[in-house]
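Working notes, beginning with the structure itself.
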Amino acid sequence: MKKFFLVLVFHCMLGLAFQSCIKCPDQRITGSDSFIAAGVDDLFPSFGITELDTLAAPFAFKQNYATESVAFTQSNVGLNTAYAWSCGTVNTINSIREESFNLTFNKDFEFLGDVYLANTNLLESPGLNDYILLDYVDINRWAATIYFEQLFYDEVNIPSGDMLVRFTSETEDGVLIESELTVFMDL
Numbered sequence: 190m191k192k193f194f195l196v197l198v199f200h201c202m203l204g205l206a207f208q209s210c211i212k213c214p215d216q217r218i219t220g221s222d223s224f225i226a227a228g229v230d231d232l233f234p235s236f237g238i239t240e241l242d243t244l245a246a247p248f249a250f251k252q253n254y255a256t257e258s259v260a261f262t263q264s265n266v267g268l269n270t271a272y273a274w275s276c277g278t279v280n281t282i283n284s285i286r287e288e289s290f291n292l293t294f295n296k297d298f299e300f301l302g303d304v305y306l307a308n309t310n311l312l313e314s315p316g317l318n319d320y321i322l323l324d325y326v327d328i329n330r331w332a333a334t335i336y337f338e339q340l341f342y343d344e345v346n347i348p349s350g351d352m353l354v355r356f357t358s359e360t361e362d363g364v365l366i367e368s369e370l371t372v373f374m375d376l
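Listed below in structure tokens is the structure:
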């Protein structure tokens with residue numbers, strides 16, 4: 190029994206001596222996980238997002254990306270005082286290209302006296318893109334959120350009824366992600 194106890198203590202000591210931090214698995218974006226229309230809290234737009242099927246002001250669209258783990262390695266082998274139970278910074282090997290974002294509505298609408306035709310990229314439309322905010326903080330964390338400023342709601346004239354909203358983006362390695370959502374517009 191004493192021998193068993195000494196062997197057990199020896200193995201525990203070896204485990205402590207060679208404890209090392211783990212490196213998070215590299216992540217690869219593979220496609221769309223979900224695309225939702227959401228209500229937004231006016232004071233804290235990063236919080237309080239609730240999924241909607243009827244849009245009234247204020248609202249946002251959120252694209253969540255599906256990912257897969259592509260590599261998992263251990264680092265800092267040897268004596269280490271950190272007993273890590275979670276990994277550090279996550280590395281996305283194929284981040285989303287911000288310039289590839291494309292948000293379209295399938296109906297014409299009017300904003301500040303200008304008519305925007307169906308299927309126009311709203312994120313690159315002069316006179317409109319200043320009133321649409323993209324949450325870049327989420328991009329490498331596998332999500333992109335698009336907010337509309339209050340002036341957009343005050344000045345837009347969108348026909349009530351069903352609207353098809355389409356969002357596309359592309360990763361650095363060429364994965365094209367396309368999402369669409371039908372919502373009822375009631376602005």
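Residue 225 in this note's numbering sits at position 36 of the sequence shown, with consecutive numbering throughout. Glycine residues also receive a C-beta, built at the ideal position from the N, C-alpha and C atoms.
Per DSSP, reduced to three states, the secondary structure at residue 297 is coil, with no helix or strand assignment. With fewer than 16 other beta carbons inside 10 angstroms of its own, residue 259 counts as exposed.
Taking a contact as a CB-CB distance under 8 Å, the pair residue 359 and residue 286 counts as one, their CB atoms being some 5 Å apart. A distance below 7 Å between beta-carbons, with the five flanking residues on each side excluded, links residue 307 to the following residues of its chain, in chain order: 294, 295, 296 and 297. If you compare the alpha carbons of 334, 311, 364 and 375 with that of residue 348, the shortest gap goes to 375. Contact annotation: the region 301 to 321 does not touch the region 213 to 227, with fewer than three C-beta pairs closer than 8 Å.
Just measuring C-alpha positions, the residue of 350, 323 and 346 sitting nearest residue 337 is 323. In the three-state DSSP reduction, residue 322 falls in the strand class (E or B).
Residue environment for residue 340: exposed (fewer than 16 other C-beta atoms within 10 angstroms of its C-beta). Out of 226, 335 and 357, the CA that lies nearest to the CA of residue 366 is found in 357. Residue 281 and residue 332 have their C-alpha atoms some 12 Å from each other. Within its own chain, the residues whose Cβ lies closer than 6 Å to the Cβ of residue 291, once the five positions on either side in sequence are excluded, are 310 and 357, listed in chain order.
Going by C-alpha positions, residue 343 is about 11 Å away from residue 245.
Taken through DSSP and simplified to helix, strand or coil, residue 343 comes out as helix. In the DSSP assignment, residue 218 falls within the unbroken beta strand (DSSP E) covering 215 to 228. Exposed is the label assigned to residue 192, since fewer than 16 other Cβ atoms lie within 10 Å of its Cβ. Beta-bridge analysis with DSSP links residue 253 to 223 and 332.
If you draw a 10 Å sphere on the C-beta of residue 243, you find fewer than 16 other C-beta atoms in it, and that means exposed.
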